[in-house]
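To keep things clear, I will list the structure first and then write my remarks on it.
Number of protein chains: 4
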Amino acid sequence: MVVVMASEADEADVQAVVTLVETAGGEAFVSRGVNRTIVGLVGDVEQFGALNLRGMRGVNDVVRISVPYKLVSRENHPHRSVVRVGGVPIGPDTMTLIAGPCAVESPEQTLQAAQMAQAAGATLLRGGAFKPRTSPYAFQGLGEKGLRILAEVREETGMPIVTEVVDANDVDLVASHADMLQVGTRNMQNFALLQAVGGAGRPVMLKRGFNATIEEWLMAAEYIAQRGNMDIVLCERGIRTFETATRNTLDISAVPVAQRLSHLPVIVDPSHSGGQRELVLPLTRAAIAIGADGVIIDVHPHPEAALCDGPQALVDGDLRELARTVRDLPPVVGRALTQA
Amino acid sequence: MVVVMASEADEADVQAVVTLVETAGGEAFVSRGVNRTIVGLVGDVEQFGALNLRGMRGVNDVVRISVPYKLVSRENHPHRSVVRVGGVPIGPDTMTLIAGPCAVESPEQTLQAAQMAQAAGATLLRGGAFKPRTSPYAFQGLGEKGLRILAEVREETGMPIVTEVVDANDVDLVASHADMLQVGTRNMQNFALLQAVGGAGRPVMLKRGFNATIEEWLMAAEYIAQRGNMDIVLCERGIRTFETATRNTLDISAVPVAQRLSHLPVIVDPSHSGGQRELVLPLTRAAIAIGADGVIIDVHPHPEAALCDGPQALVDGDLRELARTVRDLPPVVGRALTQA
Amino acid sequence: MVVVMASEADEADVQAVVTLVETAGGEAFVSRGVNRTIVGLVGDVEQFGALNLRGMRGVNDVVRISVPYKLVSRENHPHRSVVRVGGVPIGPDTMTLIAGPCAVESPEQTLQAAQMAQAAGATLLRGGAFKPRTSPYAFQGLGEKGLRILAEVREETGMPIVTEVVDANDVDLVASHADMLQVGTRNMQNFALLQAVGGAGRPVMLKRGFNATIEEWLMAAEYIAQRGNMDIVLCERGIRTFETATRNTLDISAVPVAQRLSHLPVIVDPSHSGGQRELVLPLTRAAIAIGADGVIIDVHPHPEAALCDGPQALVDGDLRELARTVRDLPPVVGRALTQA
Amino acid sequence: MVVVMASEADEADVQAVVTLVETAGGEAFVSRGVNRTIVGLVGDVEQFGALNLRGMRGVNDVVRISVPYKLVSRENHPHRSVVRVGGVPIGPDTMTLIAGPCAVESPEQTLQAAQMAQAAGATLLRGGAFKPRTSPYAFQGLGEKGLRILAEVREETGMPIVTEVVDANDVDLVASHADMLQVGTRNMQNFALLQAVGGAGRPVMLKRGFNATIEEWLMAAEYIAQRGNMDIVLCERGIRTFETATRNTLDISAVPVAQRLSHLPVIVDPSHSGGQRELVLPLTRAAIAIGADGVIIDVHPHPEAALCDGPQALVDGDLRELARTVRDLPPVVGRALTQA
């Protein structure tokens, strides 16, 4: 941390900063320039944060240097991690396809969607039983019944399942059925939920908040890691910008940036960011080419009748093209499609 | 709702839309232009939403016309509401000052802050016992102990208390001590929490998500209202934009816009949006002048030692100026400062 | 400027930075911490910028400390400036109302609008002869004919005129008729135009780019000031954000922030930011209360027939309310409405 | 265009809209629902725009349906265009690499950079002689001298040249040396410049404004096309968002979206959006995979000494990897690297 003194700060102001930092157990190094003095701090940054240095007389700015997350940082963990979900790896050497319906609607629909996904090369099944919806009047998911359907389809297909949990109270229930817990974009800073999934003994897929910086995303992962769970997969799914031609703006740069800052795997959701079927395949290609460790895609046997996000679900013809893409593109960037 | 057909759509495409809408119990009106056909829909919009009209052959766009919220809308409730918190009104004729420390740290600090607030004209006391923090390493609040401190300070000062709840599981506990429950910006779309406070029998202050549209904010209020609780106060606290000179950008226009769309009171938090002490008073003046029904402000007896957001807390000299402002400015816009 | 070395940087990396800075005529101060070394630079920041320190081995980050603008900065010019436009002051003690039609359409319309403006308390007349339009198919203004109409209306009413210039080639022409040159939001970084108005011998109103940070806005003003013209008035007119309920989001905080960073007057355009007539008066009140040095408002005798931005122009009843507002509100914040 | 009447609008309000539209030469179709009436308009949308329908009594909203650009739209020009620059094609079957230094600094540096670019597979040379800079104190380019250097390097290497023009007055000069004129992100809505390049008889590369919607970008292209110049290449270069980990956020989805809306070629600038050398290759891969018609990349023989944007210029090792990427990746998506 660096404290930048104002140009009008006097010696007493500088000394007050030094004394406060030393009292708090840190070290302070003073650099004097022609117009400004800078104080470099060494020690426990969190503790310095509590000192309110910025509020002291003569202080112009406080600049943080160390990253505020530790467990998920690559600084102390240089090798990129592999997370295993029911035996299926997500990590740096492979490209894992996760696919399935946005919402579980019935055993038939879910099984059909799973078989479509599997035929396209998917090794993990996604499907929502609890759906967070902006409108209280929209379909909210089948709940526990949906979880049982997913478990049956896992029996049938052998695909481990990924499903969202939206309430800290439901974590045990969902963890008893699912192979991986998903935390959705609107819950990325629901700290009670992050702590609950951190203690649930299941890998977690953490979607980036559509309003969250990459740093805040990694801080949210740190909440989970702090509870002892390091099996976290980060999922970029688009951020909110001024552009309205797409539902959200897929921040494709976030993939290499997050992979450089953190050892955790990073995957991409091309279905929810674009919100349009025509964009799913192009965005999938971009995600694989940039080095994503996986992609998660909506498929539905009858999108025109889907209870949730039908307009973005892939259908038959698209799926053959998806199968070709996930087979041919990863080798060009030094990866292989994850096999069951 | 209006369905806009693509220029290449044929008669069969149009008929398919009409048939589907009528099957779903709605009415469809077809308008044919030289290049385009438009189908106007009348009926239950939520049901049409489930039809995935946008995914049908020949459909170019679907434009929603009615607002998607009902209970909080001003369309069916033309008069602006007054919400009473422990007897203190928040509504169209008054300007209510809510003030107190960002976080409850000790009985002494809380009492002192409450007395400072009261001297400045505040009739409601704010103070956080449960603090949602971006970093898992930051101070998270005193929890239940903080609630008891707040209750004691209410005894001493007579000020009803407003405090945040961050977890659906804590709603009953917080409601047993507090006069008003606050839902914070990061929880605006925590639907489990919204439903829980909707059933808690206490007025709710709903902060706008820092990346939420005004429409999403009103939809979040609708979640609370649906559980039978109409005592909701909306609080604008700044949105996330590209500008970094301020912590967030106070969306001052949101006050008249939300007041036109909804009958609920709308207040402003000038402390958290700016994140700087120097901005609190100017933003307070802007909020009162534009017609906010109240403002909520951080005060702290010793901001330099505050465990949370010290740099934005008002101190002694500022408070005298605040007292003048809340006394002199409301009458110019046809309001009076709310009295105890 | 502070150079933050990476944790893996070695002594040679640090020395390379020091040597490069000293070769460039600067001073370098090295602060060593447990994990990181920081090098503080003193000297000509622009020159350091050209050194590409960020690209050197072992450098993690480069943090700028001094502000990058000088002539418009308040650091070297602590008193806030007054800019006079045809004798009418815009500055810290007054609140100046500038009003008139968005576009000059005819002598009658312009005179009527000017008389409406004057009756409401305006002392400067705005009106566009050259209009930058997003669509090449929209009305682009009357050009030189419009300038002559404005000059005639000035004769009739005694109001100095403010009008936009959109092309560096037109600066002399516009300056020969106008009392103040306006640079619009889309041209804030049209550097050729900035330099041209800097040499035109007329005060300049510089609108903030809807996509520009406050720092970039001040840098744009610096381009004008560098040509010897310090008679610059900054105009906040809303920024582009994700919110679509208003045309742009008025960044009301920018008023006190820009006034703290720069000595130049800062005014607000409440008409273009909101884009709706209902928002003009509320935003005007917020602007005056927060301490704007003026406001600039669209008025039109027949907004329903306006060729440009009719929906946001104030009409008769609104103007009486505007007159009351600009008379009664400034005194509450220690100012007086500027008189002719 | 659809006019949505307010729920309280009466028959006279509806008739007033119909009459006005018909008077203006359009057709109006009225659809009556239970709560709302909708009026569909057919005819010249630009003319309707001038009617200020939104300002009429009883009108709630006006929804535009047709796209506001015509010449660049794919609606009337279904096949995607090929633009030739000095004989080099940019279009749907190829992937064209444009590379060179951000700024022309000297004959040696420019020639070296051109040879590096050519070795990597580039067939067009980029290089800036006129540089728009946020700070008036930064290097502004060599101007005409830079253009002559570029022309000499074209002689030497055979590569046609692409260079930026920042002032309408310089268009003829730049066009007399360059094979393609570049309009930069800050000038995307400099309408005088757009019109000037539209008449210059050279292909134009139009960078997207970093805060422009895709629709505004296409409208800017329409300004150029209106002057008779259809040889326009669109260049996505990142938009401004709240994320600060990258200089801008590359809107990768804009590539397929713009290609669907317009027949013009769309290329990507991975150097300026990320602003970091480490991101250039990953973003290049994403751009090629999603179907960009080309990429434009900064290279510099000695980035540590570059006068402009050195930190993002590719150097030796990167260039071998770039060469592999532009050779191996296009065939996977059905394209071939453009050959000289």
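Chains as they are written, first to last, in this note's numbering: chain A, 3 to 342; chain B, 3 to 342; chain C, 3 to 342; chain D, 3 to 342. Where is the CB? At the ideal position from N, CA and C, for every residue including glycine.
Inset, instruction - With Ala-227(B) as the anchor, note down where its alpha helix (DSSP H) starts and where it stops. - result: 216-228
Inset, instruction - Go ahead and pull the three-state DSSP assignment for Gly-160(D). - result: coil
Inset, instruction - Please go through the same chain and pick out, in chain order, the residues whose beta-carbon is closer than 7 Å to the beta-carbon of Ala-222(C), but skip the five residues on each side of it. - result: Met-190, Gln-191, Leu-196 and Leu-208
Legend entry - Distance between beta carbons of Val-199(D) and Val-167(D), contact taken as under 8 Å: 7 Å
Legend entry - CB of Val-4(C) within 9 Å of CB of Gly-60(C), strictly: no
Inset, instruction - Could you spell out where the beta strand (DSSP E) holding Arg-86(B) opens and where it closes? - result: 85-87
Legend entry - Asp-300(D) - containing beta strand (DSSP E), residue span: 296-300
Legend entry - Within 8 Å of chain C by C-beta, residues of the stretch 272-304 of chain B in sequence order: Ser-275, Gly-276, Glu-280, Leu-281, Pro-284, Leu-285, Arg-287, Ala-288, Ala-289, Ile-290, Ala-291, Ile-292 and Gly-293
Legend entry - Distance, Leu-99(B) Cα to Leu-339(B) Cα: 8 Å
Inset, instruction - Go through its chain and collect everything with a Cβ distance to Val-155(D)'s Cβ below 6 Å, but skip five positions before and after it. - result: Thr-112, Leu-113 and Ala-116
Legend entry - Stretch pair the stretch 266-274 of chain D + the stretch 231-245 of chain D: three plus CB contacts closer than 8 Å: yes
Legend entry - Contacts that Ile-241(B) makes with chain C (C-beta to C-beta distance below 8 Å): Thr-243, Phe-244, Glu-245 and Thr-251
Legend entry - Alpha-carbon spacing of Val-317(A) relative to Val-20(B), whole angstroms: 24 Å
Inset, instruction - Within its chain, find whatever has a CB closer than 6 Å to the CB of Val-270(B); leave out the 5 residues flanking it on each side and keep chain order. - result: Glu-238, Ala-289, Ala-294 and Val-297
Inset, instruction - Return no unless some Cβ of chain D is closer than 9 Å to the Cβ of Val-257(A). - result: yes
Legend entry - Endpoints, the alpha helix (DSSP H) within which Asp-174(D) is located: 173-179
Inset, instruction - Check whether the Cβ of Met-221(D) lies closer than 9 Å to any Cβ atom in chain C. - result: yes
Inset, instruction - Please determine, among Val-65(A), Leu-43(A), Pro-70(A) and Ala-11(A), the residue with the shortest C-alpha to C-alpha distance to Ile-216(A). - result: Pro-70(A)
Legend entry - chain C within 9 Å of Asn-78(B), Cβ atoms only: no
Inset, instruction - Would you verify that the beta carbon of Arg-210(B) is, or is not, closer than 9 Å to some beta carbon of chain A? - result: no
Legend entry - Cβ-based neighbour list, Gln-261(C), same chain, cut-off 6 Å, excluding 5 preceding and 5 following: Val-268
Inset, instruction - Could you tell me which residues DSSP pairs with Arg-128(D) in its beta bridges? - result: Val-164(D)
Legend entry - Asp-95(A) burial status per 10 Å Cβ neighbour count (16 or more: buried): exposed
Inset, instruction - Tell me whether the beta-carbon of His-179(B) lies closer than 9 Å to the beta-carbon of Leu-220(B). - result: no
Inset, instruction - With a threshold of 16 other CB atoms inside 10 Å of the CB of Asn-78(C), please say whether the residue is buried or exposed. - result: exposed
Inset, instruction - Taking Val-106(C) and Ile-151(C) to be in contact with their CB atoms under 8 Å, please state how far apart those CB atoms are, rounded to whole angstroms. - result: 5 Å
Inset, instruction - Consult DSSP for Met-118(C) and reduce its assignment to one of helix, strand or coil. - result: helix
Legend entry - Pro-272(D) burial status per 10 Å Cβ neighbour count (16 or more: buried): buried
Inset, instruction - Examine chain D for any beta-carbon lying closer than 9 Å to the beta-carbon of Gln-168(C), and answer yes or no. - result: A small fix is needed here, since residue 168(C) is Val in this sequence, not Gln. For Val-168(C), the answer is yes, since a Cβ of chain D falls inside 9 Å of its Cβ.
Inset, instruction - Report yes or no: is there a C-beta of chain D within less than 9 Å of the C-beta of Ser-264(B)? - result: no
Inset, instruction - Establish whether the CB of Val-6(B) and some CB of chain D are separated by less than 9 Å. - result: yes
Legend entry - Closest Cα partner of Arg-329(C) within the set His-274(C), Gly-123(C), Phe-141(C) and Phe-132(C): Gly-123(C)
Inset, instruction - Over the uninterrupted beta strand (DSSP E) stretch that includes Thr-96(A), give me the two end residues. - result: 96-102
Inset, instruction - Kindly identify the DSSP beta-bridge partner or partners of Ile-241(A). - result: Thr-251(A)
Legend entry - Among Gly-28(C), Arg-204(C) and Ser-275(C), the one whose alpha carbon lies nearest that of Ala-177(C): Arg-204(C)
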